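**Student:** Following this message is one structure expressed as structure tokens.
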Amino acid sequence: MTKYNLTEKKGQAAYCKHIRKEMIDKLSKKIKYIIVNKKKYKDKDFSARQLASDIGTNSRYVSAVIRICFGCNYSEFVNKYRIEEAVSILENEKFDGLTMCDVSDLVGFANRQSFYAAFFKFKGMSPCDYKKQRNR
Numbered sequence: 019m020t021k022y023n024l025t026e027k028k029g030q031a032a033y034c035k036h037i038r039k040e041m042i043d044k045l046s047k048k049i050k051y052i053i054v055n056k057k058k059y060k061d062k063d064f065s066a067r068q069l070a071s072d073i074g075t076n077s078r079y080v081s082a083v084i085r086i087c088f089g090c091n092y093s094e095f096v097n098k099y100r101i102e103e104a105v106s107i108l109e110n111e112k113f114d115g116l117t118m119c120d121v122s123d124l125v126g127f128a129n130r131q132s133f134y135a136a137f138f139k140f141k142g143m144s145p146c147d148y149k150k151q152r153n154r
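The numbering used here applies: residue 19 is where the sequence shown begins, and numbers increase by one.
Quick look at the structure:
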């Protein structure tokens, strides 16, 4: 994927192998609760470090658990929920007057470029193309 400067990383950090199964299960539930249920993915400034602090661990454990349980890194994990919400907004006629910058801001992206890159990564097209396709 060369469009939007996307690259894929492979492999797993060594510390991922040293976390107990019970700890992984416990942390994954807490991570999902905070990011998804509390909708922290909408907070532009909410980092893996802040998440780690909120659940009482360190950011390496957060990163490792996200990698093990969800098969991605923190940014990809958070962006997945942001893009799901963006798609809901783009498919809802109630929000037709919003610009892509508005949508990007509503779902928690710091800038339009990051929004477009993540959208393309998850949907294979730009948000504008997605919206045009929906309006056919």
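Heads up, the beta-carbon is just placed ideally off N, CA and C, and yes, glycines get one too. It should be emphasised that the depicted structure is a prediction, and the values quoted were computed from it without experimental measurement.
1. Using a threshold of 8 Å, state whether the C-beta atoms of Val80 and Ile49 are closer than that.
2. Can you look up Cys90 in the DSSP assignment and give me helix, strand or coil?
3. Helix, strand or coil, according to DSSP, for Thr25 in the structure here?
4. Quick check on DSSP: helix, strand or coil for Ile37?
5. Ordered along the chain, which non-local residues of its own chain (more than five positions away) have a Cβ less than 7 Å from that of Glu109?
6. Could you tell me which of Lys57, Asp61 and Ser77 sits nearest to Leu45, measuring between CA atoms?
7. Do the CB positions of Lys56 and Gly126 come within less than 8 Å of each other?
8. I need the DSSP call for Lys139, collapsed to helix, strand or coil.
9. With Phe140 and Lys98 assumed to form a contact (beta carbons below 8 Å), what rounded beta-carbon distance in angstroms separates them?
10. Which word fits Tyr148, buried or exposed, when buried means at least 16 other C-beta atoms lie within 10 angstroms of its C-beta?
11. Nearest to Ile86 by CA position, among Leu124, Pro145 and Glu40, is which residue?
12. How is Asn110 classed by DSSP in three states: helix, strand or coil?
**Tutor:** With the structure as the only source:
1. In this structure, Val80 lies near Ile49, with their beta-carbon atoms less than 8 Å apart.
2. Cys90 carries a coil assignment under DSSP once its states are collapsed to helix, strand and coil.
3. With a pLDDT of only 48 at Thr25, under 50, the local geometry of the prediction cannot be trusted, and the value read off the model is given with reservation. Note: Thr25 maps to coil in three-state DSSP.
4. In the structure shown, Ile37 sits in coil (DSSP, three-state: anything other than H, G, I, E or B).
5. Cβ contact annotation for Glu109 (same chain, cutoff 7 Å, sequence separation greater than five): Arg152, in chain order.
6. Residue nearest to Leu45 within the set Lys57, Asp61 and Ser77 is Ser77 (criterion: CA-CA distance).
7. Gly126 is positioned such that its CB atom lies no closer than 8 Å to that of Lys56.
8. In the structure shown, Lys139 sits in a helix (DSSP, three-state: H, G or I).
9. In this structure Phe140 is in contact with Lys98, their Cβ atoms being roughly 7 Å apart against a cut-off of 8 Å.
10. Buried.
11. Minimum Cα-Cα distance from Ile86 among the listed residues Leu124, Pro145 and Glu40 corresponds to Glu40.
12. Asn110 carries a coil assignment under DSSP once its states are collapsed to helix, strand and coil.
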